[in-house]
Amino acid sequence: MSTLFSEKQTFRFFWTKLILIVIFLAIGGGAVRQIFWGIPFGNKPMSDVGIACLALFLGMLLLFAYSSNLKTRISAEGITVAFFPFLWKKRFIAWDTVQSAYVREYSPIREYGGWGFKMVNNETNKSVWGGNRAYNVSGNQGLQLIFKNGDKLLIGTQRPEEIQDVLKSIQAPR
Numbered sequence: 004m005s006t007l008f009s010e011k012q013t014f015r016f017f018w019t020k021l022i023l024i025v026i027f028l029a030i031g032g033g034a035v036r037q038i039f040w041g042i043p044f045g046n047k048p049m050s051d052v053g054i055a056c057l058a059l060f061l062g063m064l065l066l067f068a069y070s071s072n073l074k075t076r077i078s079a080e081g082i083t084v085a086f087f088p089f090l091w092k093k094r095f096i097a098w099d100t101v102q103s104a105y106v107r108e109y110s111p112i113r114e115y116g117g118w119g120f121k122m123v124n125n126e127t128n129k130s131v132w133g134g135n136r137a138y139n140v141s142g143n144q145g146l147q148l149i150f151k152n153g154d155k156l157l158i159g160t161q162r163p164e165e166i167q168d169v170l171k172s173i174q175a176p177r
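Next comes the structure, spelled out in structure tokens:
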């Protein structure tokens, strides 16, 4: 299975990550001060366990923000998608399960409620399990897959022209 297209994307929300870092440093520093030095953090300090849990939660949220990534690989046999930490296993999609595949522009917020691992019913704009899914980290371009069973999957990309060229070269279903 030779790779014709490969892309790795990460969330690009710089300001969100920066704000998370600042909050984590403030809470983490306060936790260290309170737990190890015995100096209460704030006017009405949390318990040591509470502030330790909050600092741990913020640290994990920060780790999540920096480690999340979407990997897409296209070959003549199909598409492999990995979206850490949302999909624990790589997902292989064989071309023979796909009715049509094309690159399109979409509205992440209007169609899917934002970026990330999304499952929605476009008629009600409410989350659902199955049916219409999207894996995206930024931007508004994606590879739209419509499966023979009627389900849909949109995979975000920052390189739509390259995917378009690959789809033409392998004569993917349209």
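Per the numbering used here, residue 4 is the first one in the sequence shown, and the count goes up by one each step. Ideal placement from N, C-alpha and C gives every residue a C-beta, glycine not left out.
With a threshold of 16 other CB atoms inside 10 Å of the CB of residue i, please say whether the residue is buried or exposed.
i: Leu66; result: exposed
i: Thr160; result: buried
i: Phe89; result: exposed
i: Glu164; result: exposed
i: Ser9; result: exposed
i: Trp118; result: buried
i: Asp135; result: Just to set this straight, residue 135 is Asn in the shown sequence, not Asp. When all chains shown are included, Asn135 counts as buried.
i: Leu64; result: exposed
i: Phe17; result: exposed
i: Phe86; result: buried
i: Leu28; result: exposed
i: Ile82; result: buried
i: Ile112; result: exposed
Out of the options, state which residue places its alpha-carbon closest to the alpha-carbon of residue i.
i: Ser107; options: Ala58, Lys171, Ile158; result: According to the sequence displayed, residue 107 carries Arg and not Ser. Answer by Cα proximity: Ile158.
i: Ile173; options: Phe150, Tyr105, Glu114; result: Tyr105
i: Gly145; options: Thr75, Ser70, Asp99; result: Thr75
i: Ile22; options: Ile38, Leu61, Trp40, Arg162; result: Leu61
i: Glu114; options: Ser103, Phe86, Gln147; result: Gln147
i: Ala79; options: Ser70, Lys47, Trp98; result: Trp98
i: Ser103; options: Lys47, Ile112, Ile42, Lys171; result: Lys171
i: Asp154; options: Ala137, Ile166, Gln167; result: Ala137
Pull up the CB-CB distance for residue i and residue j, whole angstroms please, since I reckon it's below 8 Å.
i: Leu73; j: Val140; result: 5 Å
i: Val84; j: Arg94; result: 5 Å
i: Met49; j: Leu57; result: 7 Å
i: Ser110; j: Asn152; result: Contact flag wrong, Cβ pair sits at about 25 Å.
i: Asp51; j: Ile38; result: 5 Å
Is the Cβ-Cβ distance between residue i and residue j less than 8 Å?
i: Ala55; j: Ala34; result: yes
i: Phe150; j: Ser71; result: no
i: Leu7; j: Ile96; result: no
Contiguous beta strand (DSSP E) assignments of at least 3 residues, all confined to the region 16-104: 72-78, 81-87, 94-97
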